[in-house]
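A.B. asks: Attaching a single structure in structure tokens format; questions to follow.
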Amino acid sequence: MSVPYETAPYEPSESPESPEEHLARLLGRALNSFELPDETIRRLDSALAHDSSLHSAHHGAGLHRETYRHTWLLTDGSALTLWELVHNTAPDHGLQREVYVDEEELRVATGRLPMPPDAPDFELPVLVELSPLPEPRHAYVPDDSADHARRLLRRAENPDRPGADTAALLTTAFAHQITQAFGRPCRAGRIGMGFSLYEHAFLLRDGQEVSLWEVEHTATPDGRHMCEVYPTEDAARDAMERRAAQVP
Numbered sequence: 005m006s007v008p009y010e011t012a013p014y015e016p017s018e019s020p021e022s023p024e025e026h027l028a029r030l031l032g033r034a035l036n037s038f039e040l041p042d043e044t045i046r047r048l049d050s051a052l053a054h055d056s057s058l059h060s061a062h063h064g065a066g067l068h069r070e071t072y073r074h075t076w077l078l079t080d081g082s083a084l085t086l087w088e089l090v091h092n093t094a095p096d097h098g099l100q101r102e103v104y105v106d107e108e109e110l111r112v113a114t115g116r117l118p119m120p121p122d123a124p125d126f127e128l129p130v131l132v133e134l135s136p137l138p139e140p141r142h143a144y145v146p147d148d149s150a151d152h153a154r155r156l157l158r159r160a161e162n163p164d165r166p167g168a169d170t171a172a173l174l175t176t177a178f179a180h181q182i183t184q185a186f187g188r189p190c191r192a193g194r195i196g197m198g199f200s201l202y203e204h205a206f207l208l209r210d211g212q213e214v215s216l217w218e219v220e221h222t223a224t225p226d227g228r229h230m231c232e233v234y235p236t237e238d239a240a241r242d243a244m245e246r247r248a249a250q251v252p
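Pasting the structure below:
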């Protein structure tokens with residue numbers, strides 16, 4: 005007799021896992037994880053999000069098997085799936101787990117199990133679909149980006165610089181890009197006074213993009229170099245205008 009929904013314990017974590025934690029847990033329990041291609045593991049290093057779902061299940065004659073679909077969303081907007089086979093067909097009926105990179109490998113492995121050939125599978129629909137990421141706005145470079153954000157905010161001297169919430173958000177940054185922004189000039193000020201505007205764009209682990217706008221200038225009473233940081237380009241350009249107007 006087949007029972008479609010009594011599946012083996014999936015052992016969910018008590019709190020939401022990061023993509024890295026979920027991958028480490030999956031590989032740590034799979035008997036054949038060492039067989040996965042290095043290229044697959046390398047691509048998964050850039051995972052931003054993940055989703056897992058029961059794909060199919062069969063129970064009968066004291067034996068059972070389930071297959072799970074584990075999908076990760078990568079920084080380039082593509083998705084990568086690993087297939088987990090869970091069964092108790094070993095002589096001691098202990099739970100065993102294997103992982104495969106495609107469905108054909110999964111089918112071959114499933115066919116080797118000592119289970120009735122005429123036993124039906126129960127295919128379950130995917131309940132959660134991952135949407136592809138939009139194309140990133142910047143050509144990000146993976147680096148110690150969280151530390152870069154911390155140092156940028158630390159050297160900002162303006163009292164209205166982004167606060168603790170932004171600093172906490174940027175601790176999840178793993179890539180960034182710095183570009184100089186041109187365009188709307190500020191009004192003329194003291195001779196020799198200079199302004200430069202830079203966008204510091206950060207890519208976060210969840211795929212979110214956050215930019216900080218840095219104004220470097222010498223519009224100070226003694227001509228000293230000063231750094232200010234703002235959350236938007238408009239706020240940064242307005243600050244440039246105010247500084248230029250305030251210094252004779």
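Heads up: the sequence shown begins at 5 in this note's numbering, then just goes up one per residue.
Yeah, the Cβ is synthetic: ideal placement off N, Cα and C, and Gly gets one too.
(1) Rounded to whole angstroms, what's the CA-CA distance from Y144 to A172? Just pull it up for me.
(2) By Cβ distance below 6 Å, which residues in the same chain neighbour E237 in space, the five residues on each side in sequence not counted?
(3) Going by C-alpha to C-alpha distance, which of I182, G167, T176 sits closest to D151?
(4) Tell me whether M119 sits in a helix, a strand or coil according to DSSP, three-state version.
(5) State yes or no: is the C-beta of Y72 within less than 8 Å of the C-beta of L58?
(6) Here's the rule: buried if 16 or more other CB atoms are within 10 angstroms of the residue's CB, otherwise exposed. What is A61?
(7) Output the residue ranges of the beta strand (DSSP E) runs that lie fully inside the region 67–123 and measure 3 residues or longer, sorted by chain position.
(8) Does the count of Cβ pairs from the region 89–98 and the region 39–52 closer than 8 Å reach three?
(9) Just to confirm before moving on: does the CB-CB distance between H91 and H68 stay below 8 Å?
(10) Give the DSSP bridge partners of E25, in chain order.
(11) Helix, strand or coil for S57, going by three-state DSSP, please let me know.
(12) Using C-beta distances below 6 Å, list every residue in its chain close to M119, excluding the 5 sequence neighbours before and after it, in chain order.
(13) Can you have a look at S149 and say buried or exposed, based on whether 16 or more other CB atoms are within 10 angstroms of its CB?
(14) Can you tell which of E102, Y104, P166 has the C-alpha that lies nearest to the C-alpha of E232?
(15) Are the CB atoms of H229 and L207 within a distance shorter than 8 Å?
(16) Taking C-beta to C-beta, are L86 and L78 nearer than 8 Å?
(17) Once DSSP output is grouped into helix, strand and coil, what is the label at A143?
(18) Relative to the C-alpha of L157, which candidate in R116, L27, T170 has its C-alpha closest?
(19) How should F199 be labelled, buried or exposed, when 16 other C-beta atoms within 10 angstroms of its C-beta is the threshold for buried?
(20) Report the option in P225, M244, D226, D106 whose CA atom is closest to the CA atom of V219.
(21) Kindly give me the distance between the Cβ atoms of R101 and R33, rounded to whole angstroms, as I take these residues to be in contact under 8 Å.
(22) How many Å lie between E108 and T114 at the Cα?
(23) Name, in chain order, the residues that DSSP records as bridge partners for I45.
C.D. replies: Answer, in terms of the structure:
(1) As a working mapping, residue 144 is identified with position 140 in the sequence shown. As a working mapping, residue 172 is identified with position 168 in the sequence shown. The straight-line gap from Cα to Cα measures roughly 20 Å.
(2) Looking up residue 237 in the sequence shown gives position 233. Taken in chain order, the residues that qualify are W217.
(3) Counted from its first residue, the sequence shown places residue 151 at position 147. Looking at the Cα atoms, T176 is the closest of the given residues.
(4) The sequence position of residue 119 within the sequence shown is 115, counting from 1. Here M119 sits in coil by DSSP.
(5) Residue mapping note: residue 72 aligns to position 68 of the sequence shown, counting from 1. Residue mapping note: residue 58 aligns to position 54 of the sequence shown, counting from 1. Cβ atoms of Y72 and L58: closer than 8 Å.
(6) In the sequence shown, counting from the first residue as 1, residue 61 sits at position 57. Buried, by the Cβ-count rule.
(7) 67–78, 83–91, 100–104
(8) no
(9) Along the sequence shown, read from residue 1 onward, the residue named residue 91 stands at position 87. Along the sequence shown, read from residue 1 onward, the residue named residue 68 stands at position 64. Yes. Within cutoff.
(10) Sequence index remark: in the sequence shown, residue 25 carries index 21 (1-based). Looking at the DSSP assignment, E25 forms no beta bridge with any residue, so it has no partner.
(11) For the purposes of this step, residue 57 is identified with residue 53 of the sequence shown, where counting begins at 1. Three-state DSSP puts S57 in a strand.
(12) By one-based count along the sequence shown, residue 119 stands at place 115. Answer for M119: L67, listed in chain order.
(13) As a position in the sequence shown, residue 149 is number 145, starting the count at 1. Classification for S149: buried.
(14) Sequence index remark: in the sequence shown, residue 232 carries index 228 (1-based). Among E102, Y104, P166, the Cα nearest to that of E232 belongs to P166.
(15) As a working note, residue 207 is residue 203 in the sequence shown. As a working note, residue 229 is residue 225 in the sequence shown. Not in contact: L207 and H229 (Cβ atoms no closer than 8 Å).
(16) Reading the sequence shown from its first residue, position 82 is the one you call residue 86. Reading the sequence shown from its first residue, position 74 is the one you call residue 78. No, these two residues do not count as a Cβ contact at 8 Å.
(17) Position 139 of the sequence shown, counted from the first residue, corresponds to residue 143. In the structure shown, A143 sits in coil (DSSP, three-state: anything other than H, G, I, E or B).
(18) Position 153 of the sequence shown, counted from the start, is the residue given in the question as residue 157. It is T170.
(19) Residue mapping note: residue 199 aligns to position 195 of the sequence shown, counting from 1. Buried is the call here.
(20) For the purposes of this step, residue 219 is taken as the residue at position 215 of the sequence shown. Considering only alpha carbons, the answer is M244.
(21) Against the sequence shown, residue 101 aligns to sequence position 97. Against the sequence shown, residue 33 aligns to sequence position 29. Indeed, because the Cβ distance is near 5 Å, the residues count as touching under 8 Å.
(22) In the sequence shown, the residue the question calls residue 108 occupies position 104. In the sequence shown, the residue the question calls residue 114 occupies position 110. Whole-angstrom Cα-Cα distance: 10 Å.
(23) Numbered from 1 along the sequence shown, position 41 holds the residue referred to as residue 45. Looking at the DSSP assignment, I45 forms no beta bridge with any residue, so it has no partner.
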